[in-house]
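Protein chains in written order, with my numbering: chain R, 1 to 431; chain G, 1001 to 1235. Every residue, glycine too, gets a C-beta built ideally from N, C-alpha and C. Note that the structure is predicted; figures quoted are calculated from it, not measured.
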Ligand SMILES: Nc1ncnc2c1ncn2[C@@H]1O[C@H](COP(=O)(O)OP(=O)(O)O)[C@@H](O)[C@H]1O
Ligand SMILES: [Mg+2]
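Next up, the structure:
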């Protein structure tokens, strides 16, 4: 198909034509090379999407069970976990944040390490006060109830004859204490003012997150109960903030920092995001990413060597031909260009096929998910025990193929430059 | 443009050329003190048994290989003073080549093979087409223009090679045993075509052979033996 501008640059056209025909001189070998390139792209796209999908799951489950996206805390509380480092007057702060753009939900929590006893046993555990109404909007605690019920919306607290206040117990802690729904527990700790804090509680529900640490060491009670048992007054330890999506975290964080300090109640408070709150999480992700990269690199190197092999074979069996071409006046540069066109064409076909197939396969898994139950314990720690959904994005779809592209072109350069270094006579007498 | 008065100035001058190949411990004297000139428009054969240095001499005259000592001057240009790039340029524009075999680019049709040299020279597409087609017709392959080399017989392939070597208007055509792989009848046909070109266009042809029929066509016969010019007769 002669193009309109072929009069201007006729060389390009015939070089391209030659390259295209050369590519199909040995269709079987060409398809093998193209398949190798395509395969590498598919694997890379799927793996990268899978990794990103699992990170999102890890981050989200960690956020949804533990930390929330952001927390407002008294300065020093995060490091010391001292019951005395409190947010003295949380309501104005809470209201301010609840009214901000991109904020989805706000709640408060308070924590105190205490001894928890059943009739048979005693264990140390973190007693967490949560708002029964707001907590389900921020965390998955309510969904994690495996037996019994979540905390009632309005616990009637106080009176001497009243029933003991309700408590939610982690499944492993419940097993250790040998308690079931309806059993009684006593909690013994130290109040904010140094007084003894003691209470009798009834187990109203047992939760299981799959994160052993959480299931073994925590016990949740209504915030009002917490505040009276631990002499907190209106104070809490954490204001938990969830935003629309992970990407909104930095903006909201900045906004909170800017505005909370203007409140009288905001004095001495700091804002921390999930990354700061669970440093182990990003570290695990980073390690996983690095291991992933090592794997990709190995894969790409293996593919690169098989491509190099076919390129070398393809070039060396044509050495005579190149010799004749050079003898009649083809410049070595032009030969290199021809060879790069040839490998470029194969790469384009392979990479394009790889992107299409890779995205297709990944998309199917993105819709149906991959069952990860029985996966490693490390993953389970971060709540990755159910289905993982690969997350396809421009980055995950293109990063791998780009890597393959670059490596393939680099590999193609080697035989091309080898030919360039040959003299016509040497090449022509090559057998 | 180039115009030579015959016999006044040689188109090829080879002076005191030696070429030694080292193969392991053995030194092979492929060419020894070769002095030879070819006039413009000659139709000369270089004969000699296998290993006598015919290919080496043609490669050196064609600027594909350089002598160890001595001078080579083709078309007024001294190879010793030229870079590889300049040599390649000279080959492209002033020298045509026909080799014993594997002359053609397999993925190009007969027509495209003939066009290819002009493409390298930067000749425009339509002129290229026209000249290549005329040349194919001249060698009797006008109807095979669209065939790939693999679809042509050995003799036809060599005719395409001759067409290609001459289409770019070279000063000399160097043909290294162009008929070696052809039967005598086909070989003679090729020789006739070459002789016709020499007659009509005054292009200098230097070809090597050890075929007596081919020697009969030559106007001059140079005999090589062990890398030396043993005999040189003008007929
Ligand atoms: N690249 C080379 N390396 C070593 N020896 C060579 C090489 N090319 C040619 N020769 C030797 O040089 C001599 C002349 O070879 P050549 O010019 O090819 O002869 P002809 O073409 O007459 O058969 C032969 O002995 C051959 O073996
Ligand atoms: Mg020879």
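Can you give the Cα-Cα distance for residue 1051 (chain G) and residue 1188 (chain G), rounded to whole angstroms?
Within the second chain, residue 1051 (chain G) is the residue found at index 51, counting from 1. Within the second chain, residue 1188 (chain G) is the residue found at index 188, counting from 1. Each residue's alpha carbon lies about 24 Å from the other.
What I want to know is whether the C-beta of residue 1179 (chain G) ends up closer than 8 Å to one or more non-hydrogen atoms of ligand 2.
The residue given as residue 1179 (chain G) occupies position 179 in the second chain. False, no ligand heavy atom lies under 8 Å from that Cβ.
Validate contact between the stretch 297-316 of chain R and the stretch 415-431 of chain R using beta carbons, cut 8 Å, 3 pairs:
yes
Taking residue 1155 (chain G) as the reference, give the member of G:1169, G:1140, G:1168 and G:1074 with the closest Cα.
Here residue 1155 (chain G) is taken as the residue at index 155 of the second chain, counted from 1. Comparing Cα positions, the closest option is G:1140.
Do residue 167 (chain R) and residue 433 (chain R) have their beta-carbon atoms positioned less than 9 Å apart in this structure?
The shown model of chain R, from 1 to 431, leaves out residue 433 (chain R), and the question about it has no answer.
Just reading off the beta strand (DSSP E) that residue 189 (chain R) is part of, what are its end residues?
On the first chain, position 189 is the one that residue 189 (chain R) refers to. Looking at the DSSP string, the run of the beta strand (DSSP E) that includes residue 189 (chain R) is 184-190.
Beta-carbon of residue 424 (chain R) versus every beta-carbon of chain A: anything under 9 Å?
Protein chains in the displayed structure are R and G, and chain A is not among them.
Let me know the secondary structure DSSP gives residue 238 (chain R) once reduced to three states.
Start at 1 with the first residue of the first chain, and residue 238 (chain R) comes out as number 238. Three-state result, residue 238 (chain R): strand.
Do the stretch 405-412 of chain R and the stretch 340-348 of chain R make contact, defined as three or more Cβ pairs closer than 8 Å?
yes
Contacts around residue 5 (chain R), its chain only, beta-carbon distance under 8 Å, and the 5 residues preceding and following it disregarded
Mapped onto the first chain, residue 5 (chain R) falls at position 5. Since pLDDT at residue 5 (chain R) reaches only 47, below the 50 mark, its modelled position is unreliable, and the value read off the structure follows with that caveat. Around residue 5 (chain R): no qualifying Cβ.
Does ligand 1 have even one heavy atom less than 8 Å from the beta-carbon of residue 1069 (chain G)?
Walking along the second chain from the start, residue 1069 (chain G) turns up at place 69. Flag unset: Cβ of residue 1069 (chain G) not near ligand 1.
Can you give the beta carbon distance from residue 327 (chain R) to residue 359 (chain R), rounded, assuming they're within the 8 Å contact cut?
One-based indexing of the first chain puts residue 327 (chain R) at position 327. One-based indexing of the first chain puts residue 359 (chain R) at position 359. Actually they do not touch by this definition, with Cβ atoms about 47 Å apart.
Where does the unbroken beta strand (DSSP E) through residue 976 (chain G) begin, and where does it stop?
The first residue shown for chain G is 1001 and the last is 1235, placing residue 976 (chain G) beyond what the model contains.
Which residues in chain G sit within 7 Å of residue 21 (chain R), going by Cβ to Cβ distance?
Reading the first chain from its first residue, position 21 is the one you call residue 21 (chain R). Going along chain G in sequence order, the residues near residue 21 (chain R) (Cβ under 7 Å) are 1107.
Output the boundary residues of the beta strand (DSSP E) element that contains residue 420 (chain R).
Along the first chain, read from residue 1 onward, the residue named residue 420 (chain R) stands at position 420. It is not in any beta strand (DSSP E) - residue 420 (chain R) instead sits in the alpha helix (DSSP H) that spans 394-420.
Could you check what DSSP says for residue 429 (chain R) in three-state terms: helix, strand or coil?
Residue numbering aside, residue 429 (chain R) sits at position 429 when the first chain is read from its first letter. Helix.
Output yes if chain R places a C-beta closer than 9 Å to the C-beta of residue 1096 (chain G); else output no.
Residue 1096 (chain G) sits at position 96 when you count from the first residue of the second chain. Taking Cβ atoms only, chain R reaches closer than 9 Å to residue 1096 (chain G), which makes this a yes.
Counting only C-beta atoms, is residue 1157 (chain G) closer than 9 Å to chain R at any point?
Position 157 of the second chain, counted from the first residue, corresponds to residue 1157 (chain G). By this cut-off, residue 1157 (chain G) is not an interface position.
What residues in the stretch 324-339 of chain R bring their beta carbon closer than 9 Å to a beta carbon of chain G?
324, 325, 326, 327, 328, 329, 330, 331, 332 and 334
Let me know if residue 1016 (chain G) comes out buried or exposed under the rule of 16 or more other beta-carbons within 10 Å of its beta-carbon.
For the purposes of this step, residue 1016 (chain G) is identified with residue 16 of the second chain, where counting begins at 1. Per the 10 Å Cβ criterion, exposed.
Taking contact to mean at least 3 C-beta pairs separated by less than 8 Å, is the stretch 147-154 of chain R in contact with the stretch 197-204 of chain R?
yes
Measuring only between beta-carbons, confirm whether residue 1117 (chain G) sits less than 9 Å from chain R.
In the second chain, residue 1117 (chain G) corresponds to position 117, counting from 1. Yes, residue 1117 (chain G) counts as interfacial toward chain R.
Using CA coordinates, which residue listed in R:88, R:117 and R:101 is at the minimum distance from residue 110 (chain R)?
Translated into positions along the first chain, residue 110 (chain R) becomes position 110. Checked all of R:88, R:117 and R:101; the closest Cα to residue 110 (chain R) is R:88.
Of the residues R:414, R:400, R:423 and R:428, the one placed nearest residue 46 (chain R), counting alpha carbons only
Residue mapping note: residue 46 (chain R) aligns to position 46 of the first chain, counting from 1. Out of R:414, R:400, R:423 and R:428, R:400 has the C-alpha closest to the C-alpha of residue 46 (chain R).
Near ligand 1, which residues have their beta-carbon closer than 5 Å to a heavy atom?
G:1021, G:1023, G:1028, G:1030, G:1050, G:1051, G:1052, G:1053, G:1054, G:1055 and G:1056
Residue-level contact to chain R via CB, residue 1164 (chain G), 9 Å cutoff
As a first step, residue 1164 (chain G) must be located in the second chain, where it is residue number 164. Yes, residue 1164 (chain G) lies at the interface with chain R (some Cβ there is under 9 Å from its Cβ).
Using the C-alpha atoms, what's the distance from residue 1038 (chain G) back to residue 36 (chain R)?
Within the first chain, numbered from 1, the residue matching residue 36 (chain R) stands at position 36. Within the second chain, numbered from 1, the residue matching residue 1038 (chain G) stands at position 38. Rounded to the nearest angstrom, the two C-alpha atoms are 56 Å apart.
Roughly how many angstroms lie between the CA atoms of residue 306 (chain R) and residue 33 (chain R), to the nearest whole one?
Walking along the first chain from the start, residue 306 (chain R) turns up at place 306. Walking along the first chain from the start, residue 33 (chain R) turns up at place 33. Rounded to whole angstroms, residue 306 (chain R) to residue 33 (chain R) spans 8 Å at the Cα level.
Beta-carbon contacts of residue 1009 (chain G) that lie in its chain and below 6 Å, excluding the five residues immediately before and after:
For the purposes of this step, residue 1009 (chain G) is taken as residue 9 along the second chain, with counting starting at 1. If we look at residue 1009 (chain G) and ignore the five residues flanking it on each side, it has no Cβ neighbours.
Beta-carbon proximity list for residue 423 (chain R), same chain, < 6 Å, skipping 5 on both sides
Walking along the first chain from the start, residue 423 (chain R) turns up at place 423. Around residue 423 (chain R): no qualifying Cβ.
Any contact of the stretch 1106-1121 of chain G with the stretch 1155-1167 of chain G, i.e. 3+ C-beta pairs under 8 Å?
yes
Rounded to the nearest angstrom, how far is the Cβ of residue 236 (chain R) from that of residue 253 (chain R), given a contact under 8 Å?
Sequence index remark: in the first chain, residue 236 (chain R) carries index 236 (1-based). Sequence index remark: in the first chain, residue 253 (chain R) carries index 253 (1-based). That pair is no contact at about 19 Å.
Rounded to a whole number of angstroms, what is the C-alpha to C-alpha distance between residue 1165 (chain G) and residue 1097 (chain G)?
For the purposes of this step, residue 1165 (chain G) is taken as residue 165 along the second chain, with counting starting at 1. For the purposes of this step, residue 1097 (chain G) is taken as residue 97 along the second chain, with counting starting at 1. Each residue's Cα considered, the two are about 5 Å apart.
Look at the Cβ atom of residue 1040 (chain G), then the Cβ atom of residue 1202 (chain G), and state whether they are nearer than 9 Å.
Here residue 1040 (chain G) refers to the residue found at position 40 of the second chain. Here residue 1202 (chain G) refers to the residue found at position 202 of the second chain. Closer than 9 Å, so yes.
Could you tell me whether the Cβ atoms of residue 73 (chain R) and residue 85 (chain R) are closer together than 9 Å?
Here residue 73 (chain R) refers to the residue found at position 73 when the first chain is read from its first residue. Here residue 85 (chain R) refers to the residue found at position 85 when the first chain is read from its first residue. It is a contact, given that the beta carbons lie within the stated cut-off.
So which of R:404, R:415, R:426 and R:414 has the shortest CA-CA distance to residue 42 (chain R)?
Sequence index remark: in the first chain, residue 42 (chain R) carries index 42 (1-based). Looking at the Cα atoms, R:404 is the closest of the given residues.
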